[in-house]
Each structure stands twice: as C-alpha cells, then as structure tokens.
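Visitor:
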Amino acid sequence: MKAQVDRDLCIGCSLCAEICPAVFQMGGDMIAKVIVDEVPREVLAQAEDAASSCPVNAITLTA
Ligand code: F3S
Numbered sequence: 011m012k013a014q015v016d017r018d019l020c021i022g023c024s025l026c027a028e029i030c031p032a033v034f035q036m037g038g039d040m041i042a043k044v045i046v047d048e049v050p051r052e053v054l055a056q057a058e059d060a061a062s063s064c065p066v067n068a069i070t071l072t073a
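If you're matching positions, the sequence shown starts at 11 in my numbering and goes up one per residue.
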C-alpha cells in the first residue's frame with residue numbers, strides 16, 4: 011500500500027502523525043507528509059486508522 015496526503019486538504023491537525031508516526035510526519039509547514047514509499051505491513055492498521063481519523067479526509071491509501 012502507498013499512502014498519500016493531499017496538501018491542499020490537510021489542515022495540520024497532526025492526528026495522523028500521532029496515530030501512525032512510522033508513515034506520517036508533520037513538515038515544518040505543519041502539513042503532514044508521508045515518509046515511506048510503501049506502508050510497512052506491521053503498521054498498516056495504524057495507517058488505516060490515521061486515514062479514517064483525518065477530519066478532512068486528506069489521506070488516501072492505495073494498493
Ligand atoms: Fe493533515 Fe489529516 Fe494528518 S488534517 S495532519 S492529514 S490527520
């Protein structure tokens with residue numbers, strides 16, 4: 011799975027980085043960024059949780 015953050019939608023709430031720091035980190039501009047090419051299997055559930063928790067649905071996970 012690949013994760014993507016839509017920078018135009020992200021409002022910098024940082025929930026994703028708290029829920030799944032192995033995949034999401036806050037950039038200096040307080041927009042979330044994806045720090046891995048592929049979501050590691052061990053944290054897939056966390057990444058899905060982060061995606062569904064994002065208040066503006068800025069995160070997409072694709073196969
Ligand atoms: Fe942005 Fe959503 Fe994460 S608003 S900081 S992508 S939880």
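Yeah, the Cβ is synthetic: ideal placement off N, Cα and C, and Gly gets one too.
1) Where Met11 and Ala55 are concerned, what is the direct C-alpha to C-alpha distance, given to the nearest angstrom?
2) Would DSSP call Val53 helix, strand or coil?
3) Hey, would you say Ala57 sits closer than 7 Å to Leu19, going by beta carbons?
4) Helix, strand or coil: which one does DSSP assign to Leu25?
5) Met36 bridges to which residues according to DSSP?
Guide: Looking at the coordinates:
1) Roughly 11 Å separates the two Cα atoms.
2) helix
3) no
4) helix
5) Ala42
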